[in-house]
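K.L.:
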Amino acid sequence: MQEMMKKRAMELLADGTVTRVIGWRRGEFSYDISPAVFEDAAQIERDFVWDAFCGANVSKYLIRESAKGRVLAFLKPCDAFSMNQLLAEHRVKRENVYLIGIPCAGKADIDRIKARGIDGVTGIEEDGEAFVVHTIYGDERVGRADVLAERCLVCKSKRHPVYDELLGEEGEDLPDDARFAGVEKLEAMTAEERFAFWRGELSKCIRCNACRNVCPACTCENCVFDNPDSGISQKAAADPFEENMYHIIRAFHVAGRCTDCGECSRVCPEHIPLHLLNRKFIKDIDELYGTYRAGEDDETKNPLTSFTEGDAEPAVVRKRGRA
Amino acid sequence: MQVNETGAFVPTVVAFCCNWCSYAGADLSGTNRLQYPSNIKIIRVPCSCRVNPMFILRAFQRGADGVILCGCHPGDCHYTTGNYYTRRRMTLLFSMLDYLGIERERTRVEWVSAAEGQKFAETMKSFAAEIAALGPNRRLEDLRCRK
Amino acid sequence: MLFLKSADLERFLAAASETRTVYVPVDVEPKKSAYRKWTPGTAVSKGLKTTRSAKDFFFPQTEDLVGFRIENKKIQILDPRGEEEDFAVFGVRACDARSFGILDKVFLSEPVDTYYENRRAHGLILTMTCRRPAETCFCTAFGIDPASPGGDVAFTETADGWYVEAVTERGRDFLAPLGDLFEDRDGSGAEAAKEETRAIMKRLPLADLQTDAFGGGKTKEFFDRPEWASLSEACIGCGTCTFVCPTCQCYDIRDYDTGHGVKRFRCWDSCMYSDFTKMAGGNPRLTQKERFRQRFMHKLVYFPENNGGEFGCVGCGRCLASCPIHMNIVKVMKTLSEGQDES
Amino acid sequence: MNPETLIPHPVVVEDVRIDTPDVKTFRILTREGDKPFDHLPGQCAMISVPGVGEGMFSITSSPTNRAYMEFSIKKCGHLTSWLHALEPGMEVTVRGPYGRPFPVEEDLLGRDLLFIAGGIGLAPLRSVINYVRDNRERYGDVEIIYGARSKDDLVDYREILEEWQTTPGVRVHLTIDREQVGWDGHVGFVPNYVKELNPDLKKTVLVCGPPIMIKFTVQGLTELGFAPEQIWTTMELRMKCGVGKCGRCNIGAKYVCKDGPVFRYDELGELPDEY
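Chains as they are written, first to last, in my numbering: chain Y, 580 to 902; chain S, 7 to 153; chain F, -12 to 330; chain B, 8 to 282.
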């Protein structure tokens, strides 16, 4: 697949369809791959990489890059949902991007590999359904399914809702049941248990803003949390309240627009399961206002900017689950 | 935390009231000499839709023990549809607060028209009593603001 | 040489806790640790590094600087600090131990930052050698020897316990009353363990990382390098690298109105943030390229220029592990020095 | 002063003078009625309104003024808007002095001086000008070129007319950007005016104003034959701590709050172009 992608990228650069290509650049230890913009064939030949560690969602970069001229982006299915949402919100001009959908078998999470006690990694190779991890302390073999990112284990779709061309076979939507299991588990707890759970998680927050800055739905020019006139600008969570405030509002501001790409959880240096906040909103919206999938198309109205006369009253919250 | 002369907890309750209906409803209950608790702090807003989730959270941050939002009955919004959006927003916000383990009884939305002075007073009484029974807000308070 | 058997660690920490609060690394997830206050039964992490650095102990993420109360239009100034208590940090690796020296150069230079100074005066640093360095480690590039970690007391780890040596006077005073917790062993075991660590360091993928290209006085050489554009292109402008970094010390000062007074606090800030240099009149660093460049120029050129050649990086590798897009100081150093060879 | 550099002191705003539509000059005293602390010309201090924030401002009064301290502040952001709402008798806090001053007792001593200011850029220079006026015998000829958008935007206009212009050996040239009814003085931008006046190359120049004005003025001076070593300027960047630790005003290996704000132009040339 990597060779096909490189070939297509070079062709599209050569025939002038695009002037730049967004992809991924290899790193030092095979897992530390950075998103990158390539401008010529030589760069692509040398540095372009596509493997199980290309986890970063490149769609957000297209806001900036597409403003500079036509750009090619390779999109995994989840990136394509993010992309489509950005197109629907007019953050990216469709004619300025050339989108190639690429299949994705799930991305590996280096932290899950390391959590198995593997350290001193010098290289990783894919070997069927396993990875061979070379380390200075010897080689280790780990099963692919054991080290996939959480978001990939509960992948929502292998289908690309938007693309100009596809490489490989188009996939299908996957059943959603597993995706909400984490939310359901929390819903089944008592309020005290939920409170304790979230305090434990959110108190780890170092307010690095990685979750916000990486989020393809967080595209405000000036975030409320950076705006001194908003009254809630914060730079560090100086009080537990601010941890709650930040994460509730961050999730709320992307509710109805979040495609559940899982980038927030991927980038969190403290491993806070931020997707559980976003998925709660997705689940609530599905249950209360009918199934809605952000990034599916650009016609269906966002559930938070629409309504029906028969909508549930807020008191519905009081009647549900355990208090 | 405020206590009364008998040592019982007196909650601080913030009520966001729509200018066109509930705020007038509060007025009406006043002119009708209907009593409602003095620990209800009314904040007038141009429409219930003006209240965004940060308002609710900031009220708790600043010492509220309960927050109630009052607007026009669905279908009667002065701006036609504002309260429909409010309804969705608050439903999702309250659900999220509940999900975070914050007492679900601390937040409420009620639709009170300008003619419903009685309903306004009753709603406020019952909400204040509910919050008093619940005790002080400890899960969504800002410790720096505690006196 | 003093030797603490693995089985006696709990006794040692209990004894140390009698005179001060002791913080130890604890596993919060598999292979992910954070410093926690030690209480009886707390299991000390065997991991290499905590996710956050140890700078929090001396330079916490937020701290109140001053309080204001305003009565009758008069401003009353309140110093929020109480008596600082003695504490010890256990299991500090060589990289973090060196970082304190770097922070000292900032906070203890005139005018002295008394908030930091107080904590430094009360904090005892118990360091530990690294037995199983990670691929992200490159402390040796900055002249750090992970087998001689420094601090006040150094623990050299072996299979069945630790050789313990006082490094400073303060360390000696601390160890003096704890004598009966230790065995007396000849130091050959310690030397062997240290050599083992040094041998591993030589095998690490970043063992050959060179710093020669960088240093004070090289602003002109690096500032306008074209490589900054591609190095910074994927940077999302978050503060992860800054906040996990043991030597990043930029801070912001903010006021918080509590409704019954004002707390002025300082908190970590990041030069990677878009609003770091934003003023009413504009922002001199408009794009992420300038912000990104500032962080690395500061560590590799500006800091050594002001501090006798010492770099503002200790090679702990936390930014390598945490960066959302895997850009880091190693890639910057390699790219910039490669480009230099070509030119 | 308290050795705690980050803990400020309450001071009373004794007087608020409206200089221009967007500049006010605040006279500051301790509660006991004294000047808060001594400083040197060109140094700055952190002024704060608790709950709003803190900002670095040039001390515009001269060190020779033993009675009080003054700050001329232009309303341009969040904090300055609050400061502009202050009334006499209200309190703010202050800490300082910070930064490197103009070298009035070193390089400038005995020299012919040329001050060039634009708009609120007069604030830091006013301190030097008055210091020099009060020590007239120790300095040579003084020439001041000052420009603003309009006559109403000239800060300290009365002091200029009544005190500066009447001091022997001090010449003042005023200019405004555009023609205005009631103004019969020079019209034109400061950099051009400087070239027109063609000052003596022996002079030492002190220049302050908006970055764009400084840039073109220095360009003009260089064309006239002035060397960068003859030109002094003062910078402004976002600052928080004032003592070279918070990292905000770091340019190259320098911290504007500690190593500046006053720089000789050749020193600025050594710094990366970030200003």
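We treat Cβ as the ideally placed atom computed from N, Cα and C, and that holds for glycine.
Looking at residue 30/F: is its Cβ nearer than 8 Å to the Cβ of residue 9/F?
P.N.:
The answer is no: Cβ separation not under 8 Å.
K.L.:
Could you name the residues of chain F that residue 846/Y contacts, counting a contact when the two beta carbons are closer than 9 Å?
P.N.:
By Cβ distance, chain F contributes 223, 225, 227, 309, 310, 311, 312.
K.L.:
With residue 813/Y as the anchor, note down where its alpha helix (DSSP H) starts and where it stops.
P.N.:
Where residue 813/Y is concerned, there is no enclosing alpha helix (DSSP H), given that its DSSP letter is neither H nor E.
K.L.:
Spatial neighbours of residue 234/F within its chain, please: C-beta separation below 7 Å, excluding the five flanking residues on both sides.
P.N.:
Hits under 7 Å: 86, 89, 90, 299, 300, 301.
K.L.:
So, does the CB of residue 246/F fall closer than 8 Å to a CB anywhere in chain S?
P.N.:
Yes, its Cβ sits closer than 8 Å to a Cβ of chain S.
K.L.:
Please list the residues of the region 767 to 782 of chain Y that have a C-beta atom closer than 9 Å to any C-beta atom in chain S, keeping them in chain order.
P.N.:
For the region 767 to 782 of chain Y, which is checked against every Cβ of chain S, the residues closer than 9 Å are 768, 769, 770, 771, 772, 773, 774, 775, 776, 777, 778, 781.
K.L.:
Is residue 742/Y near residue 680/Y, with beta carbons less than 8 Å apart?
P.N.:
For residue 742/Y and residue 680/Y, yes; Cβs fall inside 8 Å.
K.L.:
Would you check if there are 3 or more beta carbon pairs closer than 8 Å linking the region 133 to 148 of chain B to the region 46 to 54 of chain B?
P.N.:
They touch, by the three-pair rule.
K.L.:
Could you check whether the Cβ of residue 127/B sits closer than 8 Å to any Cβ belonging to chain F?
P.N.:
Judged by the 8 Å Cβ criterion, residue 127/B is not in contact with chain F.
K.L.:
Report the rounded CA-to-CA distance for residue 246/F versus residue 863/Y, giving the unit in angstroms.
P.N.:
Near 35 Å, if we compare the C-alpha coordinates of residue 863/Y and residue 246/F.
K.L.:
Could you tell me which uninterrupted beta strand (DSSP E) segments, each at least 3 residues in length, are contained entirely in the region 117 to 183 of chain F, listed from first to last along the chain?
P.N.:
Listed in chain order, the complete beta strand (DSSP E) runs (minimum 3 residues) inside the region 117 to 183 of chain F are 140 to 145, 148 to 153.
K.L.:
Would you tell me roughly how many angstroms separate the C-alpha atoms of residue 109/B and residue 239/F, rounded to the nearest one?
P.N.:
When rounded, the distance between both Cα atoms is 28 Å.
K.L.:
Is the beta carbon of residue 152/B less than 8 Å from the beta carbon of residue 197/B?
P.N.:
Closer than 8 Å, so yes.
K.L.:
Could you tell me the alpha carbon to alpha carbon distance between residue 64/F and residue 95/B, rounded to whole angstroms?
P.N.:
C-alpha separation (whole angstroms): 20 Å.
K.L.:
So, under 8 Å CB-CB, residue 374/F and residue 317/F are touching, yes? Tell me the CB distance rounded to an integer number of Å.
P.N.:
With chain F covering only -12 through 330, there is no way to say anything about residue 374/F.
K.L.:
In terms of residue numbering, what span does the alpha helix (DSSP H) encompassing residue 219/B cover?
P.N.:
Note, residue 219/B: alpha helix (DSSP H), 218 to 231.
K.L.:
Is residue 669/Y buried or exposed, if buried means 16 or more other CB atoms sit within 10 Å of its CB?
P.N.:
Burial call: exposed.
K.L.:
Per DSSP, what kind of secondary structure is residue 91/B in: helix, strand or coil?
P.N.:
Residue state, collapsed to three classes: helix.
K.L.:
Are any of the Cβ atoms in chain Y nearer than 8 Å to that of residue 67/S?
P.N.:
Answer yes: the Cβ-Cβ gap between residue 67/S and chain Y drops below 8 Å somewhere.
K.L.:
Comparing the C-beta of residue 865/Y with each C-beta of chain F, is any distance below 8 Å?
P.N.:
Chain F contact via Cβ: absent.
K.L.:
Please tell me whether residue 269/B and residue 224/B are closer than 8 Å, where the distance is taken between their beta carbons.
P.N.:
Not in contact: residue 269/B and residue 224/B (Cβ atoms no closer than 8 Å).
K.L.:
I'd like the span of the beta strand (DSSP E) that includes residue 677/Y, first residue to last.
P.N.:
Looking at the DSSP string, the run of the beta strand (DSSP E) that includes residue 677/Y is 676 to 680.
K.L.:
Would you mind listing the beta strand (DSSP E) stretches within the region 601 to 625 of chain Y that are 3+ residues and don't spill past its ends, in chain order?
P.N.:
Counting only runs of 3 or more, we get 613 to 617.
K.L.:
Check the C-beta distance from residue 200/F over to residue 32/F and give it rounded, since I have them as a contact under 8 Å.
P.N.:
About 36 Å; that fails the 8 Å criterion.
K.L.:
So, with DSSP's three-state summary, where would you put residue 728/Y?
P.N.:
Looking at residue 728/Y - three-state DSSP - the assignment turns out to be coil, as it is neither helix nor strand.
K.L.:
Who are the Cβ neighbours of residue 250/B in its own chain at under 6 Å, not counting the five residues just before and after it?
P.N.:
Within the same chain, residue 250/B has close Cβ partners 12.
K.L.:
Got a sec: is the Cβ-Cβ distance from residue 133/F to anything in chain Y below 8 Å?
P.N.:
Judged by the 8 Å Cβ criterion, residue 133/F is not in contact with chain Y.
K.L.:
Mind the definition here: the region 687 to 702 of chain Y touches the region 755 to 763 of chain Y only if three or more C-beta pairs lie below 8 Å; say whether that holds.
P.N.:
Because the criterion of three Cβ pairs below 8 Å is not met, the region 687 to 702 of chain Y and the region 755 to 763 of chain Y do not touch.
K.L.:
Can you name the residues that DSSP bridges to residue 143/B?
P.N.:
None, per the DSSP bridge assignment.
K.L.:
Given this structure, state the Cα-to-Cα distance separating residue 124/F from residue 718/Y, to the nearest angstrom.
P.N.:
Each residue's alpha carbon lies about 19 Å from the other.
K.L.:
So is residue 59/S buried or exposed if we call it buried at 16+ other beta carbons inside 10 Å?
P.N.:
Residue 59/S should be labelled buried.
K.L.:
Grouping DSSP H, G and I as helix and E and B as strand, with all else coil, what is residue 103/B?
P.N.:
Strand.
K.L.:
What is the DSSP secondary structure of residue 21/B, counted as helix, strand or coil?
P.N.:
Here residue 21/B sits in strand by DSSP.
K.L.:
How do the region 255 to 264 of chain F and the region 286 to 296 of chain F stand: do at least 3 beta-carbon pairs fall below 8 Å, yes or no?
P.N.:
Contact fails: fewer than three Cβ-Cβ distances are below 8 Å.
K.L.:
How should residue 85/S be labelled, buried or exposed, when 16 other C-beta atoms within 10 angstroms of its C-beta is the threshold for buried?
P.N.:
Result: exposed.
K.L.:
Along chain F, which residues have their Cβ under 8 Å away from the Cβ of residue 150/S?
P.N.:
Ordered by position in chain F, the residues that pass the 8 Å Cβ test against residue 150/S are 243, 245, 250.
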